[in-house]
Amino acid sequence: MPLSSDNMLTCRLCGQDHQAVPLSAGETARCVRCGARLETEPRGHRCTAVAFALAGLAFAAPAAWVPFITVEKLGNVRTGNFIDGVIQLNAHDMPFLAAWVLICGGIAPLLLLGSLLISRRHPLPAKRLGDALVHWSMPEVYVLAVFVALTRLGSIVEVETNAGFWSYCAMSVALLLAWRAFRLQPPPEPSA
Amino acid sequence: MMNSRAQVSANLHRPAALALAAALMLIPANLLPILDTRMAGKARIDTIWSGIVELYETGLWPLAVIVFIASLVIPIFKLVGLAFLFFAAHRDAADLSDSARRTLTRLYAFLDVIGRWSMLDVFLVAFLTGIVRFGAPAMVAPRIGVVAFAAAVVLTILATRAFDPRLLWATASTASAPPSA
Ligand SMILES: [Zn+2]
Numbered sequence: 001m002p003l004s005s006d007n008m009l010t011c012r013l014c015g016q017d018h019q020a021v022p023l024s025a026g027e028t029a030r031c032v033r034c035g036a037r038l039e040t041e042p043r044g045h046r047c048t049a050v051a052f053a054l055a056g057l058a059f060a061a062p063a064a065w066v067p068f069i070t071v072e073k074l075g076n077v078r079t080g081n082f083i084d085g086v087i088q089l090n091a092h093d094m095p096f097l098a099a100w101v102l103i104c105g106g107i108a109p110l111l112l113l114g115s116l117l118i119s120r121r122h123p124l125p126a127k128r129l130g131d132a133l134v135h136w137s138m139p140e141v142y143v144l145a146v147f148v149a150l151t152r153l154g155s156i157v158e159v160e161t162n163a164g165f166w167s168y169c170a171m172s173v174a175l176l177l178a179w180r181a182f183r184l185q186p187p188p189e190p191s192a
Numbered sequence: 001m002m003n004s005r006a007q008v009s010a011n012l013h014r015p016a017a018l019a020l021a022a023a024l025m026l027i028p029a030n031l032l033p034i035l036d037t038r039m040a041g042k043a044r045i046d047t048i049w050s051g052i053v054e055l056y057e058t059g060l061w062p063l064a065v066i067v068f069i070a071s072l073v074i075p076i077f078k079l080v081g082l083a084f085l086f087f088a089a090h091r092d093a094a095d096l097s098d099s100a101r102r103t104l105t106r107l108y109a110f111l112d113v114i115g116r117w118s119m120l121d122v123f124l125v126a127f128l129t130g131i132v133r134f135g136a137p138a139m140v141a142p143r144i145g146v147v148a149f150a151a152a153v154v155l156t157i158l159a160t161r162a163f164d165p166r167l168l169w170a171t172a173s174t175a176s177a178p179p180s181a
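Going down the list, the sequences are from chains A and B. Everything in the first sequence is counted per the working numbering, starting at 1 for the first residue and increasing by one. Everything in the second sequence is counted per the working numbering, starting at 1 for the first residue and increasing by one.
Have a look at this one:
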């Protein structure tokens with residue numbers, strides 16, 4: 001039976017071709033061979049991903065400049081945030097490590113938010129960019145690392161959490177929600 | 001279509017080489033110190049393992065468990081899992097049952113998802129280095145082991161990306177049913 005290629009869904013994990021069938025909202029099509037999710041019929045609005053991406057970018061500015069935590073030791077007060085960690089790694093002659101932390105914790109999440117921002121007007125480039133970036137964007141892992149650092153330092157010195165850290169947390173949550181909404185959004189209207 | 005066994009093993013060269021490099025990197029990553037700490041009148045130099053033990057001994061055992069899983073369990077499980085997938089695709093792809101192929105495909109998807117969490121220790125060292133710098137009374141400095149560990153994580157992610165899970169299905173018959181809803 002010849003099938004038109006627009007009507008085909010190919011499983012990204014096993015390569016099985018499927019003929020697309022209509023789904024109702026919220027229903028998920030799974031691969032007959034390996035069981036991977038092929039597509040979920042969207043429930044949300046096409047602007048949801050853009051709205052979450054905007055929120056994420058709004059939180060990115062304080063996340064970059066406001067301190068994450070304040071530490072006090074013998075009357076000395078120090079603040080630190082994401083950028084300080086990158087600068088100090090570089091100062092300790094570890095430029096590649098500094099770049100890698102900067103990419104995974106800062107640049108990749110920002111670019112991912114940026115590509116989600118244009119996802120309504122340019123869904124295909126947004127998807128291509130997003131699939132390439134999502135493996136290197138790890139703000140949620142950085143959040144866990146800061147929690148571990150806070151607890152560990154808190155047992156030795158006086159530690160105070162600042163707005164920069166909560167902004168960074170909010171940015172990473174907004175990014176996860178935007179990416180999820182993007183994957184579940186309605187397909188683009190045919191332009192030609 | 002990828003059908004011949006020769007083609008399958010040719011497609012395994014790159015991911016297998018990357019995974020092997022990652023496994024070799026894990027050796028210095030675990031033997032060399034990753035962090036130099038001078039705080040509260042004590043100076044210590046930690047490896048990944050001694051850092052976990054210290055968290056446990058100071059009563060922060062939930063953190064010790066989290067770091068243990070992220071820094072030791074996930075990297076090793078991921079490399080062993082990848083090696084298992086490579087062997088399955090290389091040796092017995094033709095004899096695998098569909099349910100075995102399905103299990104292996106799920107294993108691949110799982111390995112792909114968990115890999116990022118092994119960056120925890122690298123981020124921890126980066127953040128502590130940025131915040132604790134009071135000069136002589138208290139300071140934290142990164143040591144070379146953390147670079148080896150980060151390299152192992154990057155190589156493992158690249159190995160996972162280089163492996164095409166469709167190789168597990170290269171010799172399978174193509175099903176011709178519509179997707180199940
Ligand atoms: Zn499949």
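A virtual CB, placed ideally from N, CA and C, is assigned to each residue, including glycine.
Exposure of residue i, with buried meaning 16 or more beta-carbon neighbours within 10 Å
i                      : result
residue 157 of chain B : buried
residue 69 of chain A  : buried
residue 76 of chain A  : exposed
residue 61 of chain B  : exposed
residue 121 of chain A : exposed
residue 115 of chain A : buried
residue 18 of chain A  : buried
residue 119 of chain A : buried
residue 95 of chain B  : exposed
residue 22 of chain A  : exposed
Three-way DSSP call (helix, strand, coil) for residue i in this model
i                      : result
residue 32 of chain B  : coil
residue 162 of chain A : coil
residue 19 of chain A  : strand
residue 142 of chain B : strand
residue 91 of chain B  : helix
residue 8 of chain A   : strand
residue 161 of chain B : helix
residue 86 of chain A  : helix
residue 81 of chain A  : coil
residue 66 of chain B  : helix
residue 48 of chain A  : helix
residue 156 of chain B : helix
residue 132 of chain B : coil
residue 39 of chain B  : strand
Distance CB(residue i)-CB(residue j) smaller than 8 Å
i                      : j                      : result
residue 81 of chain B  : residue 111 of chain B : yes
residue 113 of chain A : residue 60 of chain A  : yes
residue 62 of chain A  : residue 163 of chain A : yes
residue 89 of chain A  : residue 97 of chain A  : yes
residue 129 of chain B : residue 147 of chain B : no
residue 12 of chain B  : residue 86 of chain B  : yes
residue 75 of chain B  : residue 152 of chain B : yes
residue 108 of chain A : residue 136 of chain A : yes
residue 182 of chain B : residue 138 of chain A : Lying outside 1 to 181, the shown extent of chain B, residue 182 of chain B is not represented and no answer is given.
residue 144 of chain A : residue 161 of chain A : no
residue 39 of chain A  : residue 25 of chain A  : no
residue 131 of chain B : residue 84 of chain A  : yes
Contact belief for residue i with residue j at Cβ below 8 Å, rounded distance in angstroms
i                      : j                      : result
residue 28 of chain B  : residue 47 of chain B  : That belief does not hold up - the Cβ atoms of residue 28 of chain B and residue 47 of chain B are roughly 10 Å apart, past 8 Å.
residue 79 of chain B  : residue 23 of chain B  : 5 Å
residue 71 of chain B  : residue 121 of chain B : 5 Å
residue 15 of chain B  : residue 13 of chain A  : The pair is not a contact, with the Cβ atoms about 15 Å apart (cut-off 8 Å).
residue 105 of chain A : residue 123 of chain B : 7 Å
residue 49 of chain A  : residue 181 of chain A : 4 Å
Near ligand 2: residue i beta-carbon under 7 Å from a heavy atom
i                     : result
residue 83 of chain B : As presented, the structure is devoid of ligand 2, carrying ligand 1 as its sole ligands.
Next on the checklist: Strictly closer than 6 Å from CB to any heavy atom of ligand 1: give me those residues in the order they appear in the chain.
Outcome noted: The set of residues with a C-beta under 6 Å from any non-hydrogen atom of ligand 1 comprises A/11, A/13, A/14, A/16, A/31, A/33, A/34 and A/36, given in chain order.
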